[in-house]
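The sequence shown begins at 6 in this note's numbering and counts up one residue at a time.
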Amino acid sequence: MASDKEFLEFVARAVVAHPEDVQVERVVDERGVLLTLKINKDDMGYIIGRKGQTAQAIRTLLKIVGAKNNARVNLKIYEPEGSQRPRRGESADIDTSSVEDLTI
């Protein structure tokens, strides 16, 4: 009953630019199934999506697959070293020069 793992691999390979680097680890414990997705560091933006929408959609679909199999499925996206996303709490450099001269 590893249809959840196969489903995640299928979706991830269809979304990323380096499908050969997609790896999924499946761990079952008393809290349910934990799927850990490992991808190429350059593909993080494709999997996360704008404001996390793609990752949230994948998690929602995995919950449906899990419900069909009477299992609780959770997704963890492994963030490789050198990925481009700023970490939570860190601020990205934002250019505010265009709004500094505004008068209201």
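No residue lacks a Cβ here, since even glycine has one placed at the ideal position from N, Cα and C.
- In this model, Val38 and Glu25 are separated by some 24 Å (Cα to Cα).
- Beyond the five residues adjoining it in sequence on each side, Thr59 comes within less than 8 Å, by CB distance, of Val20, Tyr51, Ile52 and Ile53 in the same chain, given in chain order.
- For Gly57, no beta strand (DSSP E) encloses it, and the DSSP letter there is neither H nor E.
- Given a length threshold of 4 residues, each whole run of the alpha helix (DSSP H) inside the stretch 19-55 is given here in chain order: 49-53.
- As DSSP reads the structure, Lys81 sits in a beta bridge with Thr41.
- Taking all protein chains in view, the Cβ of Phe12 is crowded by 16 or more other Cβ atoms within 10 Å, so the residue is classified as buried.
- By the criterion of a C-beta distance shorter than 8 Å, Val16 is surrounded in its chain by Ile63 and Leu66, once the five residues flanking it on both sides are discounted.
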